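The sequence shown begins at -13 in this note's numbering and counts up one residue at a time.
Glycine is no exception: its CB is placed at the ideal position from the N, C-alpha and C atoms.
The structure displayed is predicted, hence computed values, not measured ones.
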Amino acid sequence: MDVLSFVIVGHVDHGKSTLIGRLLYDTDSLPPDKIEEIKKASAGQGRRTEFAYLLDHLEEERKQGITIDTTQVFFNSPKRRYVIIDAPGHVEFVKNMITGAAQMDGAIVVVSAADGPMPQTREHVLLARQVNVPALVVFLNKVDLVDDEELLELVELEVRELLSKYDFPGDDVPV
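This is the structure we're talking about:
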């Protein structure tokens, strides 16, 4: 079975860990006891089910709502096995992001539609270029928080310009 490895990068609080947790949940890659554990941990923090908790294991990560260290997870599809690295988005943990990005087949850049590209988004795209990540796609997250279609188009344009600035094919990258 082919293996595809990729890193999830982007600015802090743009939803990287939640995206991965939801992907694992929706692909039935989690045992029922793990789902119950996450529901209890979320309730203990006074939150709805936090899919990010599937990756943010450290108590400090859950309290602060940020990823501190890289986390590696696996799931399968009928055609291949996937290895996903969840990279920290916070500026203080850039070194951990670089570690996660090296030797990957690709990257998914998560951008909040409500914020657009932020400083760590830019830094992560630059670092992806510097460590020769061969391909990337952009996941525009939190689209439900934006009512203005023109604003969504502007965010997409900003993302494409950012990718082009760092020699990724901004006009062709899926967003």
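If you draw a straight line from the C-alpha of residue i to the C-alpha of residue j, how long is it?
| i | j | result |
| --- | --- | --- |
| N118 | N62 | 25 Å |
| Q116 | T13 | 32 Å |
| S3 | L138 | 22 Å |
| F154 | Y68 | 23 Å |
| L148 | A73 | 19 Å |
| Y152 | G30 | 42 Å |
Under the assumption that residue i contacts residue j (Cβ atoms under 8 Å), give the Cβ distance between them as a whole number of angstroms.
| i | j | result |
| --- | --- | --- |
| S98 | K128 | 5 Å |
| E144 | P103 | 5 Å |
| S(-9) | D133 | That pair is no contact at about 37 Å. |
If you reduce the DSSP assignment to three classes, tell me which class residue i lands in.
| i | result |
| --- | --- |
| S15 | coil |
| D130 | helix |
| Q106 | helix |
| G1 | coil |
| A93 | strand |
| G30 | helix |
For residue i, tell me which candidate among the options has the shortest Cα-Cα distance.
| i | options | result |
| --- | --- | --- |
| L16 | F37, L148 and V111 | F37 |
| I21 | R8, Q31 and G32 | R8 |
| L10 | I70, G32 and A121 | I70 |
Measuring from the CB of residue i, is there a heavy atom of the ligand FMN at a distance below 6 Å?
| i | result |
| --- | --- |
| D(-12) | Among the components of this structure there are no ligands whatsoever, and the ligand FMN is therefore not found. |
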